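Single-structure report; data block below.
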Amino acid sequence: MKLIPRTRGGALWRFFLAAVVVIGATAATTAVAGLLQFHQLSIDLGGSQSIPHADIKVADPGQPQNILIVGSDHRAHEPFSSANTDTMLLVRMNPNSSTINVMSIPRDLQVDVPGFGTAKINSAYQDGGTNLLIKTIHRNVFPALKVNHIVDVNFSGFIALVNAIHCVYSDVDHRYYNNTQVTGYSSINIQPGYQRLCGFRALQFVRFRHTDSDLVRNARQQDFIRWAKDQYGIANLVSHRDTLLKIFGAHTQTDHNLHTVDGLINLFNLVAFSAGHTIKQIKFPAQESPCGGTGVAGAVTPCYLTASSSAEAGVYRAFMRPTTAAAAAKSKKPAGKGTAKIQAAGLTADTSDGHSQAAAVAHAGLPVYFPRLIVNGSQYCSGTTGNCPVGGISSTGSYPRSYTIRDQNNVGHAAYRMTLMINPDLGQYYGVQGTAWSSPPLLASPTQTRTVAGKKLMLFVNGGKLTNVAWRTAHGVYWISNTLTTDIPNREMVAIAASLTKS
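Position one of the sequence shown corresponds to residue 323 (our numbering), numbered consecutively onward.
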């Protein structure tokens, strides 16, 4: 392929890295194909800060590259000891793969931080910045990992970038509430249901972990990436490039190699080879360890996540492995064969509670449907019984909820949300969404369609698992949302959606 010219290097690499940040740490993903247009840019807005003595391994031209993206509250010229990181994302780009592989390392992973002892892995960043973080990853997690580039973006940059792309429509799984004056944790107040999240509220949502585990937060961040990708296309990236570049330059640090022409050309050619590749999420194999009790001398046991060496080795191989076109096509297909009948294994009938939920949102402004079948052992969240925790406040008006969604043109559309819980301690909530908005971004690109029990269902697959199953009528669209950690099997997701019944 044609090499990228060496002119305007600063503008080119800033444009690319701004998009990488959007892909990963800022959760405003764009199609990589849009990066092919960077050579048309003639803008030069000044560089981001260089990370001193960054511990990277420069890849040979044309070879795959691994990028470590860190989301932090660190500001240039300030000590790392005053900073924290919530996001550690590995991105692998391979010209021989049909996907860009993405994997989050959970911040609560138990490790031995060189020179500091046993701690959560995010403390390595605070103790010694990105170099100590990389050293800790090598020693404890992925010994063979070679980090080719580092991008460190702070939280202020996240807020600014989300606002620059006019916010992100998000499929919020349950009510998020916390009052920092009562608990000491960060405040948040977000209702369940499909809605537009901007700036600081978006940051609150992706960082929330007060009643969730680190694994659930990682899943929420990955979903936010996917939602943003659904709504923010190539044209938007190009049209907002000036603003994105300014934000990127003001809020990021990168390794020194990305401040050189040769380093930029090497990375840009790889980006060009990766044009059109989809994002493949690799799940880190962490498990929760017991915590909260007292240890030696009354010390509270830390809440760590752990992973076996064999499991980490397996996920590392998956992260490094290129995806062939045939494998990528297979991963998009839901498990099991298509069927015209509802398969109810793993589900139970619950029409009485469904009718009660529908009655509570009867004036939502559109026909109300509820599923006749729900997951075994799950139940509807109810404001009447207060069975789903909402931080000590009333859940009336949240469970269920009728409200108005405003589209990109600020036109209001009637909507409702029913929330069901499997295990709130594990962050396992799934939902029933209805709206009169006929074209929400979430439903723009179904993976496939399937007719079941007379309903033409739209299936949305991520990594072989169904995240949403939707159904369109003359008066609105309705969908079932899986849990953040996609705990509901594909066949059951389809059956729940196929059982949607008008109240």
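In this text, a Cβ means the ideal position worked out from N, Cα and C, and glycines have one as well.
Computed from a predicted structure; not experimentally measured.
In angstroms with no decimal places, state the Cα-to-Cα distance between residue i and residue j.
i	j	result
ALA775	ALA817	9 angstroms
VAL475	ALA572	9 angstroms
PHE782	ASP408	28 angstroms
SER509	PRO417	43 angstroms
LYS824	GLN517	23 angstroms
HIS581	SER611	42 angstroms
TYR491	LEU765	11 angstroms
ILE715	GLN387	48 angstroms
VAL683	THR600	38 angstroms
MET743	TYR751	4 angstroms
LEU566	VAL380	26 angstroms
ASP377	THR628	25 angstroms
LYS568	ALA486	11 angstroms
ILE481	ASN511	17 angstroms
VAL712	GLY705	10 angstroms
THR805	ARG429	21 angstroms
LEU483	THR670	43 angstroms
THR352	GLN679	Note that THR352 scores a pLDDT of 29, beneath 50, so its modelled location is shaky; the value from the coordinates is reported in the next line. Distance between the alpha carbons of THR352 and GLN679 is about 37 angstroms.
SER632	VAL538	22 angstroms
ALA666	PHE527	33 angstroms
LEU519	THR795	26 angstroms
GLY749	SER674	25 angstroms
ARG643	TYR507	39 angstroms
SER478	ARG523	12 angstroms
GLY451	HIS578	15 angstroms
GLN730	ASN444	37 angstroms
ILE345	CYS489	With a pLDDT of only 39 at ILE345, under the threshold of 50, the placement of this residue in the model should not be trusted; the figure read from the coordinates follows. ILE345 and CYS489: Cα-Cα distance of roughly 15 angstroms.
PRO693	ASP536	30 angstroms
ARG639	PHE606	12 angstroms
ASN500	ILE664	40 angstroms
THR645	TRP549	23 angstroms
ASN423	PRO465	18 angstroms
LEU695	GLY437	54 angstroms
THR769	PRO374	44 angstroms
LEU822	GLY676	10 angstroms
SER420	PHE546	22 angstroms
ASP747	GLN385	43 angstroms
THR574	SER372	9 angstroms
ALA819	ARG772	11 angstroms
With DSSP as the reference, please indicate the residues paired to residue i in a beta bridge.
i	result
HIS578	Partner(s): none; HIS578 has no beta bridge.
ARG497	Paired residue(s): none; ARG497 is not in a bridge.
ALA441	VAL433
TRP801	GLN755 and ALA792
VAL392	MET410 and ASP474
LEU669	VAL697
ILE664	The partner list for ILE664 (beta bridge, DSSP) is empty, contrary to what the question assumes.
LYS778	THR773
TYR516	ASP493
ILE601	ILE422
LYS379	Bridge partners of LYS379: none, in fact.
Beta-carbon within less than 6 angstroms of residue i's beta-carbon, same chain only, minus the 5 sequence neighbours each way: which residues are those?
i	result
ASN588	PRO383
ASN790	PHE782, TRP801 and SER803
ALA441	VAL435
ALA446	VAL435, LEU454, LEU455 and THR458
HIS496	PRO514, THR741 and TYR751
GLN362	Note that GLN362 scores a pLDDT of 31, beneath 50, so its modelled location is shaky; the value from the coordinates is reported in the next line. Excluding positions up to five away in sequence, the list is empty.
CYS841	No answer is possible for residue 841: it lies beyond the span of the chain, which begins at 323 and ends at 825.
Using a Cβ-Cβ cutoff of less than 7 angstroms, which residues in the same chain neighbour residue i once the five nearest sequence positions on both sides are dropped?
i	result
GLY515	VAL494, ARG723, TYR725, ALA737, ARG739 and GLN755
ASN462	VAL433 and ASP434
LYS468	LYS379 and ASN388
PRO763	TYR491, ASP552 and GLN553
GLN544	SER426 and GLN603
MET815	LEU788, VAL791, ILE802 and ASN804
ILE810	VAL697, TYR752 and ASN804
THR329	Interpretation of THR329 is limited by its pLDDT of 40, a score under 50 that renders its predicted location unreliable; the figure taken from the coordinates is listed afterwards. No residues qualify anywhere along the chain.
The ligand MG and residue i: does any heavy atom of the ligand fall closer than 8 angstroms to the residue's C-beta?
i	result
SER492	Among the components of this structure there are no ligands whatsoever, and the ligand MG is therefore not found.
What does a CB cutoff of less than 8 angstroms around residue i pick up in its chain, not counting 5 residues either side in sequence?
i	result
HIS460	LEU467
Please report whether the beta-carbon of residue i lies at a distance below 9 angstroms from any beta-carbon of chain C.
i	result
SER803	Although the question refers to chain C, the structure presented lacks it and comprises just one protein chain.
*asked:* Pairs of beta-carbons, one from the region 406–421 and one from the region 388–395, closer than 8 angstroms: are there three or more?
replied: Three or more beta-carbon pairs separated by less than 8 angstroms link the region 406–421 to the region 388–395, which places the two stretches in contact.
*What runs of the alpha helix (DSSP H), each 4 residues or longer, lie entirely inside the region 688–738?*
none
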